[in-house]
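Colleague: Take a look at this one; I'll ask things after.
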Amino acid sequence: MGVVVPSVHRWFFSSVVEGVSAALLDGGYDLTLYNVGEDQDRRHNVLNDFLLRKRVDAVIAVSLELSQTEIQQLLAIHRPIVGIGGPLPGASTIRINDFGIAEAAANHLIGLGHTKIAHMTGDAAYQQDFRLPGTRQGGFEKAMNRAGQQIRPEWQVSADFTIQGAYASARRLLGASAERPTAVFAASDEMAIGTILAARDFGLRVPYDLSVIGIDGHELGEVFGLTTIDQDARGRVLSPSSSCCPGSRDGTKPGTRELAETRSTRRSSSFARALRYLRWARAHPCSSLPRRLPAGWPAGGRGPAPAP
């Protein structure tokens, strides 16, 4: 099997490759890996030359939006195509509902009583394949608009989906504005972790001063107590039981579209604003502020957990 990826150095891609490799080996297949990177000439050579002349039984494209010409060339030589990460016309695809899980992540923060919510999206360069940053930002904006929450442009920042890049962007976010957000929805776990590290630089306590939620299911999420929506990049992306998997009982069915499940994981990085307010008020008995929850706060200081 020929597996084509944009990078082998990033967590998501390496996790998918690990899961795909295990599934193919279980099915008795060998794997040939093509790392095309950001070089368009290399990508062209792989998709229009190497895969066409090399004897592979199928092509698995990970987070690569193939053109109709590229798809038809592969189908013309009877090479099934499986796309992981987004829709590919005429090919079998496995993906998650990026819009829906982003909406669920934002709703989680809204349900905790947060009204000052920032969003860390992906840089424009990552819009090339399947427009992932824009899709997740769309889910965030839908949740905010439905809840009647203000979307503040200065609280919409971008990074390169790495911890380092997110750390730098989060420092600008938290240091530049006179009024800080009380919660951040990051479009990936690595960017959420970068945000947590930046918050510590400003003496902000997560989650008491800043709640953070991400998307992915990164292993470091447990270390940082990160609330996340886990897409299980290794396990659920391409399982042997999947109808899209070349090693499945039914084989690869052209045009099959499989929506992989996700799982919400609630940890300590997200916190109810109402509960924080109530604890502060009870700790200051001389304050004239009420020590009961104000009207409109979620009962018990908790909102709904993120939806799958």
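With positions in the sequence shown counted from 1, the corresponding number in the working numbering is that position plus 11. We put the beta carbon where it would ideally sit given N, CA and C, even for glycine.
Have a look at M202, A271, R147 and V223 and flag the residue whose alpha-carbon is nearest the alpha-carbon of F282.
Modeller: Stepping through the sequence shown from its first residue, residue 282 is reached at position 271. Ranking the options by Cα distance to F282, first place goes to V223.
Colleague: Does DSSP put G133 in a helix, a strand or coil?
Modeller: Indexing the sequence shown from 1 puts residue 133 at position 122. G133: strand per DSSP, three-state reduction.
Colleague: Select from L62, I95, D60 and I88 the residue whose C-alpha is nearest the C-alpha of L75.
Modeller: For the purposes of this step, residue 75 is taken as the residue at position 64 of the sequence shown. Selected option, being the one with the closest Cα: I95.
Colleague: Sort out for me which residues DSSP pairs V73 with in a bridge.
Modeller: Against the sequence shown, residue 73 aligns to sequence position 62. I95, per the DSSP bridge assignment.
Colleague: Is H89 buried or exposed, if buried means 16 or more other CB atoms sit within 10 Å of its CB?
Modeller: If you number the sequence shown from 1, residue 89 lands on position 78. Exposed.
Colleague: Would S78 be called buried (16 or more neighbouring beta carbons within 10 Å of its own) or exposed?
Modeller: On the sequence shown, residue 78 is found 67 positions in, with the first residue counted as 1. Burial call: exposed.
Colleague: What do you get for G48, buried or exposed, if any count of 16 or more other CB atoms within 10 angstroms of its CB means buried?
Modeller: For the purposes of this step, residue 48 is taken as residue 37 along the sequence shown, with counting starting at 1. Exposed.
Colleague: Take T276 as the anchor and find which of A244, R64, V217 and G236 has the nearest alpha-carbon.
Modeller: Position 265 of the sequence shown holds residue 276. That would be G236, whose Cα lies nearest to the Cα of T276.
Colleague: Is DSSP giving A194 helix, strand or coil here?
Modeller: Position 183 of the sequence shown, counting from 1, holds the residue named residue 194. The answer is strand: DSSP assigns A194 an E or B state.
Colleague: Kindly indicate which residue of G225, A158, T173 and R182 has the alpha-carbon position closest to the one of G122.
Modeller: Residue 122 sits at position 111 when you count from the first residue of the sequence shown. Answer by Cα proximity: A158.
Colleague: Do the segment 190 to 204 and the segment 110 to 128 touch if we need at least three Cβ pairs shorter than 8 Å?
Modeller: Yes, they touch.
Colleague: Taking buried to mean at least 16 other C-beta atoms within 10 Å of its own C-beta, is T239 buried or exposed?
Modeller: Along the sequence shown, one-based indexing puts residue 239 at 228. Classification of T239: buried, given that the 10 Å Cβ count is 16 or more.
Colleague: If F61 and A244 are in contact, beta carbons under 8 Å, what's the gap, nearest whole angstrom?
Modeller: In the sequence shown, counting from the first residue as 1, residue 61 sits at position 50. In the sequence shown, counting from the first residue as 1, residue 244 sits at position 233. With a Cβ gap of about 25 Å, F61 and A244 do not count as contacting.
Colleague: Comparing alpha-carbon positions, which option in L208, K153 and G150 lies nearest A177?
Modeller: Numbered from its first residue, the sequence shown carries residue 177 at position 166. Closest by alpha carbon: L208.
Colleague: Mapping the DSSP letters down to three states, classify A170 as helix, strand or coil.
Modeller: Sequence index remark: in the sequence shown, residue 170 carries index 159 (1-based). Correct three-state label for A170: strand.
Colleague: For the pair the segment 125 to 132 and the segment 91 to 111, tell me if three or more CB-CB distances fall below 8 Å.
Modeller: These segments do not touch.
Colleague: By Cβ distance below 7 Å, which residues in the same chain neighbour L63 in space, the five residues on each side in sequence not counted?
Modeller: Within the sequence shown, the letter at position 52 stands for residue 63. If we look at L63 and ignore the five residues flanking it on each side, its Cβ neighbours are Q84 and I88.
Colleague: Quick one: what's L221 bridged to in DSSP?
Modeller: Taking the sequence shown and counting its residues from 1, one reaches residue 221 at position 210. None, per the DSSP bridge assignment.
Colleague: Within 10 angstroms of the Cβ of V19, are there 16 or more other Cβ atoms? Answer buried if so, exposed if not.
Modeller: On the sequence shown, position 8 is the one that residue 19 refers to. Burial call: exposed.
Colleague: Of all the CB atoms in chain D, is at least one closer than 8 Å to the CB of G96?
Modeller: The chain inventory of the structure shown lacks chain D, comprising one protein chain alone.
Colleague: Can you tell me which of V14, E201, I107 and Q161 puts its alpha carbon nearest to the alpha carbon of S169?
Modeller: Here residue 169 corresponds to residue number 158 of the sequence shown, with the count starting at 1. When only C-alpha atoms are compared, the closest one is E201.
Colleague: Judging by CA-CA distance, which residue of G225, D68 and V15 is the nearest neighbour of G39?
Modeller: Counted from its first residue, the sequence shown places residue 39 at position 28. Taking only the C-alpha atoms, the option nearest G39 is D68.
Colleague: Note down the Cα distance separating G149 from I226, rounded to an integer number of angstroms.
Modeller: Counted from its first residue, the sequence shown places residue 149 at position 138. Counted from its first residue, the sequence shown places residue 226 at position 215. In a straight line, the C-alpha of G149 is about 15 Å away from that of I226.
Colleague: Could you pull the start and end residues of the beta strand (DSSP E) that N46 belongs to?
Modeller: Position 35 of the sequence shown, counted from the first residue, corresponds to residue 46. N46 -> beta strand (DSSP E) spans T43 to N46.
Colleague: Anyone know if the C-beta pair for A181 and G205 falls short of 8 Å?
Modeller: For this step, residue 181 is matched to residue 170 along the sequence shown. For this step, residue 205 is matched to residue 194 along the sequence shown. Cβ distance < 8 Å, so A181 and G205 count as in contact.
Colleague: Between the alpha carbons of G97 and A271, how many angstroms are there, rounded?
Modeller: By one-based count along the sequence shown, residue 97 stands at place 86. By one-based count along the sequence shown, residue 271 stands at place 260. G97 and A271: Cα-Cα distance of roughly 11 Å.
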